[in-house]
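The sequence shown begins at 14 in this note's numbering and counts up by one. We treat Cβ as the ideally placed atom computed from N, Cα and C, and that holds for glycine.
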Amino acid sequence: QVRLVESGGGLVQAGESLRLSCAASGSNFRINTMGWYRQAPGKQRELVASITTGGMTNYADFVKGRFTISRDNAKNTVALQMNNLKPEDTAVYYCNVELVTRFSAWGQGTQVTVSS
């Protein structure tokens, strides 16, 4: 069983920054990929960024150059640094981990609101 706890959401103005963090805890698990997804009202959940154990990253086109994903394998944490935020980045952001067993776990979500 893996539990994910997210933090760092909030309300900011366009152009400002936020940093999201996610910590995975539990027993007897090995994480493969960690990532962040988001879901805006009335839209489907979409990938924002992901990172493998080896540090290979993948970003959605709409965040390239603005967001940076990082992880600490020893602490089972993943972070998303979001710079130059735009109103269209407003969404609930979810942490996701995929274990080596292919089991996928989700965090409870954290709200990010960007005002214009």
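Selected residue, minimal CA-CA separation from residue i, among the options
i	options	result
R43	R32, S34, L31, T66	T66
V15	R115, V125, S30, A73	R115
A87	S63, R79, A37	A37
A118	D74, A62, T46, E29	T46
Residue i (DSSP reduced to helix, strand or coil)
i	result
F42	coil
V18	strand
F80	strand
E101	helix
Neighbourhood of residue i by C-beta distance below 6 Å, restricted to the same chain and skipping five residues each side
i	result
R58	Y50, Q52
S83	A92
Residue span of the beta strand (DSSP E) that contains residue i, given as start and end
i	result
E111	104-112
C-beta contact flag for residue i and residue j at 8 Å
i	j	result
T70	S34	no
Cut-off 7 Å between Cβ atoms - residues of its own chain near residue i, not counting five sequence neighbours on either side
i	result
Q124	G22, V105
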